[in-house]
Amino acid sequence: MSPVWHAAGAGLRRGWTELRQTFTTGQDVFGYVLWTVLLMVPLFLLKDDPLKGAGISTGAFMLPSMLGMTLAFTGMMTTAQLLATEREDGTLLRAKAVPHGMVGHLVGKIIMVSGTALASMALPFAVGMFLVDGVARQGGGALLTLVWVIPLGLLATLPIGAVIGSLVSSPRTIGLLMLPVMGLVVISGIYFPLSELPEWLRTVGQIFPVYWVGLGLRSALLPADAVAAEIGASWQHLETAGALGAWTVAGLLLAPSVLRRMARRESGAAMAERHRKAMQRVG
């Protein structure tokens, strides 16, 4: 076995270990529960409000949309947060010191973040099914759609998170990005159909993968008549695959070079300087 494949295998095992740990750590489990509660509050309040012309409630529309938002934001923001944190605390520097250590480290993070995203979707989905009607009753066709939408959504968002985590100066910077992120939610058709927005905002919303992941999950989990609420009254499967595929290709082309550049710049002196600045802020 080549050294790279050996490192990737070690990263795979590390990722599974970290994933098991997060499901047995009280703080992490509380985070999953809290996220579920935050998603269920608007769902509960709007579960009986009819969505005009779609034959479903607003709550039913929101459930798969919020699952898509969860997948996209976990892929982007969790990956970015982990990379920024581990660069600051020296984890990436230690990985760099091991032959092909960065390969194993990144494989482990991919497994861990992907598992976290799926868990963050599964709990709200299970709870939401008891709150709203008309969701996930589409049979085998829905399962086939999920099989390609979820992996493609992860492939489209994980590299974005890697790029963000490589470029930001510290984990605290990630928190500052939440304001534009919340703006992106508003124009991504999560809480109401994108067709209700002005045309120029629809165009902006359709640029980013959040909208397309949400649309893909709605097409899988909502009744066929619900398509009336979408732009052009179409699920746009080809467009969804094309948009997420484009983000995947762009991310996979850009992320490796950005990560290599970040790894080259990591050194003991750089980490010590970050630690000194952090202590100055505390002082």
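This note's numbering numbers the first residue of the sequence shown as -6 and each following residue consecutively.
All C-beta atoms in this analysis are idealised placements derived from N, C-alpha and C, irrespective of residue type, glycine included.
CB-CB length for phenylalanine 54 against leucine 44, believed under 8 angstroms: Residue 54 sits at position 61 when you count from the first residue of the sequence shown. Residue 44 sits at position 51 when you count from the first residue of the sequence shown. Yes, they are in contact, since the Cβ atoms of phenylalanine 54 and leucine 44 sit about 5 angstroms apart, within 8 angstroms.
According to DSSP, residues forming a beta bridge with leucine 44: Residue 44 sits at position 51 when you count from the first residue of the sequence shown. Paired residue(s): Ile49.
Residues of its chain near arginine 195, where Cβ-Cβ distance is below 6 angstroms and the 5 sequence neighbours each way are ignored: Here residue 195 is taken as the residue at index 202 of the sequence shown, counted from 1. So the qualifying residues of the chain are Leu187.
Continuous alpha helix (DSSP H) stretch holding glycine 238: start and end: Start at 1 with the first residue of the sequence shown, and residue 238 comes out as number 245. First-last of the alpha helix (DSSP H) with glycine 238: 230 to 258.
Own chain partners of isoleucine 224 with C-beta closer than 7 angstroms, once the 5 adjacent residues on each side are dropped: Here residue 224 is taken as the residue at index 231 of the sequence shown, counted from 1. If we look at isoleucine 224 and ignore the five residues flanking it on each side, its Cβ neighbours are Leu187, Ser188 and Arg195.
Whole-number beta carbon distance between valine 106 and threonine 72, since they are thought to touch under 8 angstroms: The residue given as residue 72 occupies position 79 in the sequence shown. The residue given as residue 106 occupies position 113 in the sequence shown. Yes, threonine 72 and valine 106 are in contact; Cβ-Cβ is about 5 angstroms, under 8 angstroms.
Distance between glycine 176 and leucine 139 (C-alpha atoms, nearest Å): Reading the sequence shown from its first residue, position 146 is the one you call residue 139. Reading the sequence shown from its first residue, position 183 is the one you call residue 176. Using only the alpha carbons, I get a separation of about 26 angstroms.
Backbone CA spacing between serine 113 and leucine 252 [nearest angstrom]: Your numbering for residue 113 matches position 120 in the sequence shown. Your numbering for residue 252 matches position 259 in the sequence shown. Using only the alpha carbons, I get a separation of about 26 angstroms.
Reduced DSSP secondary structure (H/G/I, E/B, other) of aspartate 82: Taking the first residue of the sequence shown as 1, we reach residue 82 at position 89. Aspartate 82 falls in the coil class under three-state DSSP.
Which listed residue (Leu245, Gly19 and Ala219) has its alpha carbon closest to that of glycine 48: Against the sequence shown, residue 48 aligns to sequence position 55. Of the listed residues, the one whose Cα sits closest to glycine 48 is Ala219.
Residue span of the alpha helix (DSSP H) that contains isoleucine 167, given as start and end: If you number the sequence shown from 1, residue 167 lands on position 174. 164 to 169 is the span of the alpha helix (DSSP H), which, as asked, contains isoleucine 167.
Environment of valine 128 [buried if 16+ CB atoms lie within 10 Å]: For the purposes of this step, residue 128 is taken as the residue at position 135 of the sequence shown. Buried: at least 16 other Cβ atoms inside 10 Å.
Segment contact flag, the region 165 to 173 with the region 6 to 25, C-beta cutoff 8 angstroms, min 3 pairs: no
contact_flag[the region 201 to 210, the region 73 to 85] where n(CB pairs < 8 angstroms) is 3 or more: no
Pick from Ile157, Gly2 and Gln74 that is closest to histidine 98, judged by C-alpha positions: Within the sequence shown, the letter at position 105 stands for residue 98. Ranking Ile157, Gly2 and Gln74 by Cα distance to histidine 98 puts Gly2 first.
Span separating the alpha-carbon of leucine 170 from that of tryptophan 240: In the sequence shown, residue 170 corresponds to position 177, counting from 1. In the sequence shown, residue 240 corresponds to position 247, counting from 1. Leucine 170 and tryptophan 240: Cα-Cα distance of roughly 20 angstroms.
Rounded C-alpha distance that separates glycine 46 from glutamate 192: Residue 46 sits at position 53 when you count from the first residue of the sequence shown. Residue 192 sits at position 199 when you count from the first residue of the sequence shown. Their backbone Cα atoms lie some 20 angstroms apart in a straight line.
Contact belief for proline 57 with leucine 215 at Cβ below 8 angstroms, rounded distance in angstroms: For the purposes of this step, residue 57 is identified with residue 64 of the sequence shown, where counting begins at 1. For the purposes of this step, residue 215 is identified with residue 222 of the sequence shown, where counting begins at 1. Correct: roughly 6 angstroms between the Cβ atoms.
Three-state secondary structure assigned by DSSP to leucine 190: Working through the sequence shown from its first residue, we reach residue 190 at position 197. DSSP places leucine 190 in coil when its eight states are reduced to three.
Check whether glycine 8 and valine 100 have beta carbons under 9 angstroms apart: Translated into positions along the sequence shown, residue 8 becomes position 15. Translated into positions along the sequence shown, residue 100 becomes position 107. Yes, these two residues count as a Cβ contact at 9 angstroms.
Local conformation of alanine 213 per DSSP, three classes: What you label residue 213 is simply residue 220 of the sequence shown in a count that begins at 1. Here alanine 213 sits in helix by DSSP.
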